[in-house]
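Just so you know, the UniProt record's numbering puts 257 at position 257 of the sequence shown, and the rest follows in order with no gaps. A virtual CB, placed ideally from N, CA and C, is assigned to each residue, including glycine. A short write-up of the structure that comes next.
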Amino acid sequence: MARRRKSKESAGAEAVGIIIILAVAFFMLNGSSSNPVAAAVLSTLKTPLILLICFVAVMAVIRFLAAQNSSKAKPQKKQSYQKAQRPTKPKAKIDSIRANDMPKPTEWSEALINQLEWRVFEKLCTRLWEEKGFSAKETNAGADGGVDFYLYANSTKQKIGAVQCKSWGKKQIGVSVLRELQGVVASEQLKLGLLMYSGELSKAAKEFLALSTVSIKSQGSAAILAEIEKLNEARQQALLREITVGDYTTPSCPNCDVKLVERTAQKTGKVFWGCSNFPRCRHVMN
Numbered sequence: 001m002a003r004r005r006k007s008k009e010s011a012g013a014e015a016v017g018i019i020i021i022l023a024v025a026f027f028m029l030n031g032s033s034s035n036p037v038a039a040a041v042l043s044t045l046k047t048p049l050i051l052l053i054c055f056v057a058v059m060a061v062i063r064f065l066a067a068q069n070s071s072k073a074k075p076q077k078k079q080s081y082q083k084a085q086r087p088t089k090p091k092a093k094i095d096s097i098r099a100n101d102m103p104k105p106t107e108w109s110e111a112l113i114n115q116l117e118w119r120v121f122e123k124l125c126t127r128l129w130e131e132k133g134f135s136a137k138e139t140n141a142g143a144d145g146g147v148d149f150y151l152y153a154n155s156t157k158q159k160i161g162a163v164q165c166k167s168w169g170k171k172q173i174g175v176s177v178l179r180e181l182q183g184v185v186a187s188e189q190l191k192l193g194l195l196m197y198s199g200e201l202s203k204a205a206k207e208f209l210a211l212s213t214v215s216i217k218s219q220g221s222a223a224i225l226a227e228i229e230k231l232n233e234a235r236q237q238a239l240l241r242e243i244t245v246g247d248y249t250t251p252s253c254p255n256c257d258v259k260l261v262e263r264t265a266q267k268t269g270k271v272f273w274g275c276s277n278f279p280r281c282r283h284v285m286n
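Structure (structure tokens):
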């Protein structure tokens with residue numbers, strides 16, 4: 001900064017000095033001379049000297065302004081410090097490591113069905129109906145409107161039922177899920193509405209099923225296992241390998257279709273599942 005200030009001051013001093021010298025010379029030339037030859041020479045040099053003084057003055061002003069603008073255009077650089085970031089493993093590699101650590105079951109069990117994360121559980125339910133000879137068409141993820149997939153008869157291609165899947169673990173499944181399903185079945189005049197779930201139904205949900213006038217049924221983990229065991233051994237094993245590929249227990253984000261990560265709330269210390277794309281996606285699951 002001091003160097004720029006000195007350069008501006010030196011430029012101004014040089015300009016002033018040159019103007020003073022030329023001004024002194026001008027007044028000397030403007031003076032009278034007793035020698036007629038000298039007087040004629042001085043008179044001839046008078047006009048060019050005036051022009052030279054004006055030119056030098058203009059150039060000095062231009063140089064001074066240029067030096068001033070240059071100092072403004074080049075601000076002092078500030079040293080920046082970047083916080084060191086902890087290197088993170090690529091997401092695909094993390095998912096691969098997690099999948100490799102998953103135990104590979106050799107047979108179906110109710111406990112295994114209860115361990116399936118919600119997206120894998122939906123896949124199991126869909127595949128079971130396909131094994132029975134029906135076509136299953138999934139609805140859009142995250143916006144099912146009370147239905148995860150519809151059932152179609154392969155022979156007539158007619159929509160005959162709606163299925164809702166819930167894999168909530170220890171959390172009880174409330175009656176609102178069944179009411180939504182009942183509304184879809186009634187409005188679309190379907191023959192069947194089925195809730196396939198792992199976990200527990202609430203008392204109100206059980207009472208609703210007992211009193212429902214619409215054909216609403218439910219299948220828990222035990223009933224689903226019974227349906228699987230109706231398949232021959234080869235088909236059971238093929239379905240088992242298909243369902244347990246990769247990480248089949250860690251919940252998936254319905255918005256991003258990536259695995260959630262386990263986090264702890266700073267204020268409460270409560271453990272929850274959060275999307276790995278946070279803060280772009282703020283989906284959480286308790």
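Paired residues, beta bridge with residue i - DSSP
i    : result
C165 : M196
Q219 : M196
G274 : V261 and V284
I173 : L201
S150 : Note that residue 150 is Tyr in the sequence shown here, rather than Ser. K137 and A162.
S252 : K259
Beta-carbon proximity of residue i to residue j, cut-off 7 Å
i    : j    : result
E146 : L201 : According to the sequence as given, residue 146 is Gly; it is not Glu. Cβ atoms of G146 and L201: not closer than 7 Å.
G169 : Y197 : no
K157 : Y150 : no
V163 : A186 : no
I228 : W108 : yes
E110 : A222 : yes
W273 : P254 : no
Y152 : S167 : no
C256 : N277 : yes
G161 : L124 : no
V271 : T264 : yes
Residue i, buried or exposed, once every other Cβ within 10 Å from all chains shown has been counted against 16
i           : result
P90         : Residue placement at P90 cannot be trusted, given a pLDDT of 45 that sits under 50; what the coordinates show is reported in the next sentence. By the neighbour-count rule (16 or more Cβ atoms within 10 Å), P90 is not buried but exposed.
F55         : exposed
T126        : buried
P224        : Going by the sequence as given, residue 224 is Ile instead of Pro. The residue in question, I224, is buried, as its Cβ has 16 or more Cβ neighbours within 10 Å.
C275        : buried
K267        : exposed
L195        : buried
residue 291 : Coverage of the chain is limited to positions 1 through 286, which leaves residue 291 absent and any answer about it impossible.
Q85         : Residue confidence for Q85 is low, a pLDDT of 42 falling below 50, so the modelled location carries little weight; the figure read from the coordinates is stated next. When all chains shown are included, Q85 counts as exposed.
T244        : buried
D247        : buried
A143        : Confidence is the limiting factor: at A143 the pLDDT is only 45, short of 50, which leaves the residue's position unreliable, though a coordinate-based value still follows. So A143 counts as exposed.
G269        : exposed
G193        : buried
L112        : buried
L260        : buried
For residue j and residue i, believed in contact at Cβ under 8 Å, the rounded distance
i    : j    : result
L231 : E131 : 6 Å
K171 : G199 : 7 Å
CB contact below 7 Å: residue i versus chain B
i    : result
L231 : Although the question refers to chain B, the structure presented lacks it and comprises just one protein chain.
Three or more beta-carbon pairs under 8 Å between the stretch 119 to 136 and the stretch 170 to 181, yes or no?
-> At 8 Å Cβ cutoff, the stretches do not touch.
Kindly confirm or deny that the stretch 223 to 241 and the stretch 204 to 212 touch, where touching means at least three C-beta pairs closer than 8 Å.
-> At 8 Å Cβ cutoff, the stretches do not touch.
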